[in-house]
Amino acid sequence: MIEIKGLSKTFKTANGSLLALDNVNLRLEAGEMVGIIGMSGAGKTTLLRCLSLLEKPDEGAITIDGLNLLEARDDRMRDYRQKIGVVFQGNQLLKQRNVYENIAFPLTLKGETKQNYDERIKRLIELVGLQGKEGSYPSQLSGGQKQRVAIARALATEPDLLLLDEPTSALDAITTRALLTLLNEIHAKTQATILIITHELNVVERVCEKVVVIEDGKFIEEGSVEDVFKHPKHKTTRLLLGLEEHA
5 MIEIKGLSKT FKTANGSLLA LDNVNLRLEA GEMVGIIGMS GAGKTTLLRC LSLLEKPDEG
65 AITIDGLNLL EARDDRMRDY RQKIGVVFQG NQLLKQRNVY ENIAFPLTLK GETKQNYDER
125 IKRLIELVGL QGKEGSYPSQ LSGGQKQRVA IARALATEPD LLLLDEPTSA LDAITTRALL
185 TLLNEIHAKT QATILIITHE LNVVERVCEK VVVIEDGKFI EEGSVEDVFK HPKHKTTRLL
245 LGLEEHA
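Adding 4 to a residue's 1-based position in the sequence shown gives its number in my numbering.
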């Protein structure tokens, strides 16, 4: 079980302080697939950076099975980061490494040998449907294939939580459908807890069980995808669903 408690983050800007996250709370049960939706500037990116431990919140806790990752000593932080896999927008693959090497990269950073991780990488390549592409470089891959490599890389450390930032934003409709099918397969096979940050409602509708709406750094509505999409309570949710016009 993963729990976010009282997460807050303020940035200093030329125009003063900007409260990007305001006392955010969320409980994720093991194996859930949850979508976070919100308008531009709502706090989605800051939330992802805090959850991936790239940004330190001013207050709050991120706990996995009761362990608060934010209280870890600096020399242990890298180990705790392994509990969280991240697929960033734009996939950020290493151009000079092939598919196999990109997926294995987090493990080589840990000092593991190929003998230890070879079978795991081969299973991941099969899981994301890239057999035969092991030696290909990012420049030789389609956008959908690059996303598959990024997802496999994020799963290489067998994380407790998988974060995906706008995973379909640069993909066409056909590739998007294929990627969402892949996410459902990964969820079924790995039972990983998956959190998808997106502005595309069809992504949430197709693969998520629960949805959370964020506005001005606060969670304003959450529930099952069916309940929230059929009976939205907040004005912003209705705007996102196209059920209400902007004033």
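The C-beta atom is built at its ideal place from N, Cα and C for all residues, glycine as well.
Three or more beta-carbon pairs drawn from the stretch 9-23 and the stretch 58-65 are found closer than 8 Å, and the two stretches are therefore classed as touching. Within the DSSP bridge table, the entry for Ile-224 names no partner. About 7 Å separates the Cβ atoms of Leu-186 and Arg-152, confirming a contact at the 8 Å cut-off.
For Val-132, no beta strand (DSSP E) encloses it, and the DSSP letter there is neither H nor E. The beta carbon of His-191 is closer than 8 Å to those of Gly-35, Met-37, Ile-198 and Val-211 in its chain, skipping five residues each way along the sequence. Scanning Leu-175, Gly-89, Phe-223 and Ser-44 for the CA closest to the CA of Leu-58 turns up Gly-89.
Taking 8 Å as the upper bound for CB-CB distance, Leu-168 and Ile-201 are in contact here, some 7 Å apart.
Using a Cβ-Cβ distance cut-off of 8 Å, the stretch 176-185 and the stretch 95-114 are not in contact, since fewer than three pairs of beta carbons, one from each stretch, lie closer than that value.
Per DSSP, the beta bridge partners of Thr-14 are Leu-23.
The alpha-carbon of Leu-55 is positioned some 18 Å away from that of Glu-226. Secondary structure note for Ala-177: its alpha helix (DSSP H) is the uninterrupted segment 177-194.
Rounded to whole angstroms, the separation of the alpha carbons of Asn-102 and Glu-209 is 33 Å. By the neighbour-count criterion, in which 16 or more other beta carbons inside 10 Å mark a residue as buried, Ile-155 falls on the buried side.
Within the stretch 25-102, the alpha helix (DSSP H) runs of at least 4 residues that lie entirely inside it are, in chain order, 48-55 and 78-85. The beta carbon of Ala-46 lies closer than 8 Å to those of Ile-218, Glu-219, Asp-220 and Gly-221 in the same chain, with the five residues before and after it left out. With a contact defined as Cβ atoms closer than 8 Å, Pro-171 and Val-91 qualify at about 6 Å.
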